[in-house]
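Sequential numbering of the sequence shown, starting at 49, is according to the numbering used here.
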Amino acid sequence: MEKILGLLKEAGSQIVPLRWDGEEFYLLDQRLLPEREEWLHCATWKDAARGITDMVVRGAPAIGITAAFAVVLALRAALKDHAADFHSFLDSALKEIEWARPTAINLSWAVRRMRHALKDAEKEVVFERALSEAFSIWEEDVRANIEMGRLGGGLLEDGGVLTHCNAGALATGGYGTALGVIRGAVNLGKKITVYADETRPWLQGARLTAWELIKDSINVTLNVDSGAGVLLSSGRVGAVVVGADRIAANGDVANKIGTYTLAVLCKENGVPFYVAAPSSTFDHECLAGDYIPIEQREAREVVECGGRRVAARGVKVFNPVFDITPARLITAIVSEKGVLRPPYDKAISQLPH
Ligand code: MRU
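See below:
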């Protein structure tokens, strides 16, 4: 953990949404931000898996790292209390962790990596091996984000940059993907004004992006989601940069609902549309966006605001929480292995995996 904090300190942003104190795992409860900074203790693997489902932690890479530590906790329980049914207990726990949320590929990617690390390990060393793999996944994510910041920062010019949802430190092991690119541009001395979409219904932009950029003294202005058209057509915004939950082999991108709308607006207004995502977000087995499972969440999230009913009683609700942006609308995809340009099927197939 010290090593990861050291990397982040050097890069200039020390916000982290996860903590392992040597024995126990904690999640910064993102449902309570920005009003309260409280850490949720995950005593069991079920607490960590529930933390993913219930959005205590969110954002594709942060979900992946949490899943890795959930596997560590499941392994601890298996070693302590399940000598007789060790393999079946562990197997069903890992399956449950893997399905805590469906869209972000980082989740199943991390569980697969953990499964591989545990395979054939002797009982005396298996816990240490699992913990070390979970920390590797975390550290690699931070390094990837810092590298994406370095590569992607050069793409942005002085002026307004619009981002959607929260693809920042809070959504990753630290530093962020889209916000990492913005941090990279700021570190290069660019004069950036970030426009943060509110991002209904969870308000990741208003609550989380605004909170972490203010903490890092980066100029941020909040706008309602439906204001993006005005920002893009008026020339106030010179680029849009977003993260991704899964990138198909042809370059189609699943990300927070509303991302597709932004990409269309960018096309209409001649504004570059950038996606920033680490290798762990690429799904080489998924041929196109049509095959990406899209999470549907409860109606309550839409009919209520801040816990108070706002919609007319009896109304039906459409609440898919991600959409697909076709590859043809994307100017470039920034990964830690390089900046990918169309044709994406070719560029993605050449990525080492
Ligand atoms: O529902 P969320 O908050 O988990 O959605 C998060 C996003 O859509 C992010 O943009 C994406 O995970 C990339 S995070 C670096």
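We put the beta carbon where it would ideally sit given N, CA and C, even for glycine.
Measure the Cβ-Cβ separation of residue i and residue j and say whether it is below 7 Å.
| i | j | result |
| --- | --- | --- |
| Ala297 | Thr225 | no |
| Trp68 | Ser328 | no |
| Val369 | Val350 | no |
| Ala258 | Val209 | no |
| Asn154 | Pro109 | yes |
| Pro234 | Ile266 | For the record, residue 234 in the displayed sequence is Val; it is not Pro. A contact, by the Cβ cut-off of 7 Å. |
| Phe321 | Ile378 | yes |
| Val290 | Thr307 | yes |
| Leu261 | Leu218 | no |
| Tyr392 | Ala380 | no |
| Trp147 | Ala118 | no |
| Asn214 | Gln252 | yes |
| Ile342 | Arg294 | no |
| Leu66 | Val104 | no |
| Ile305 | Gly337 | no |
What span of residues does the beta strand (DSSP E) with residue i cover, start to end?
| i | result |
| --- | --- |
| Phe175 | Note, Phe175: premise wrong, no beta strand (DSSP E); alpha helix (DSSP H) at 171-201. |
| Ile240 | 240-245 |
| Glu68 | Looking at the sequence itself, residue 68 is Trp, so the reference to Glu does not match. Taken as a continuous stretch (DSSP letters only), the beta strand (DSSP E) holding Trp68 covers 66-68. |
| Ile396 | Run containing Ile396: none in the beta strand (DSSP E); it sits in the alpha helix (DSSP H), 392-397. |
| Ile372 | 370-373 |
| Leu270 | 268-271 |
| Leu388 | 386-388 |
Within the present structure, is the beta-carbon of residue i separated from the nearest heavy atom of the ligand MRU by less than 6 Å?
| i | result |
| --- | --- |
| Asp393 | no |
| Asp189 | no |
| Thr220 | yes |
| Cys213 | yes |
| Gln78 | no |
| Lys263 | no |
| Lys304 | yes |
| Thr225 | yes |
| Gly107 | yes |
| Gly291 | yes |
| Gln344 | no |
| Gln398 | no |
| Gln252 | yes |
Output the boundary residues of the alpha helix (DSSP H) element that contains residue i.
| i | result |
| --- | --- |
| Thr101 | 93-101 |
| Ala115 | 108-129 |
| Phe134 | 134-146 |
| Val159 | 153-166 |
| Leu227 | 226-235 |
| Leu279 | 276-281 |
| Leu261 | 258-263 |
Which of the three DSSP states, helix, strand or coil, is assigned to residue i?
| i | result |
| --- | --- |
| Arg294 | strand |
| Gln78 | coil |
| Thr211 | strand |
| Lys51 | helix |
| Ile381 | strand |
| Phe321 | strand |
| Ala302 | strand |
| Asp87 | Looking at the sequence itself, residue 87 is Trp, so the reference to Asp does not match. Residue state, collapsed to three classes: strand. |
| Leu335 | coil |
| Leu218 | helix |
| Glu346 | coil |
| Glu316 | helix |
| Arg361 | coil |
| Val351 | helix |
| Leu251 | coil |
| Arg149 | coil |
| Arg376 | helix |
Any beta-carbon of chain C closer than 7 Å to the one on residue i?
| i | result |
| --- | --- |
| Arg284 | Annotation note: the requested chain C is absent from the structure, which comprises a single protein chain. |
So is the beta-carbon of residue i under 6 Å away from any non-hydrogen atom of the ligand PLP?
| i | result |
| --- | --- |
| Val119 | With respect to the ligand PLP, the structure shown offers nothing to examine, as its ligands consist of the ligand MRU. |
>> So, does the region 54-63 touch the region 213-223, judging by three or more C-beta pairs under 8 Å?
In response: yes
>> Assess contact between the region 85-100 and the region 164-180, defined as three or more Cβ pairs (one per stretch) separated by less than 8 Å. Is contact present?
In response: no
> Are there three or more Cβ pairs, one per stretch, closer than 8 Å when the region 127-139 is compared with the region 308-317?
Replying inline: No, they do not touch.
>> Using a Cβ distance threshold of 8 Å, determine whether the region 380-390 contacts the region 305-312, with at least three qualifying pairs required.
In response: no
>> Assess contact between the region 267-281 and the region 235-248, defined as three or more Cβ pairs (one per stretch) separated by less than 8 Å. Is contact present?
In response: yes
> Do three or more CB pairs link the region 195-213 to the region 82-93 at distances below 8 Å?
Replying inline: no
>> Contact between the region 179-197 and the region 139-150 is defined here as three or more beta-carbon pairs at a separation below 8 Å; is this criterion met?
In response: no
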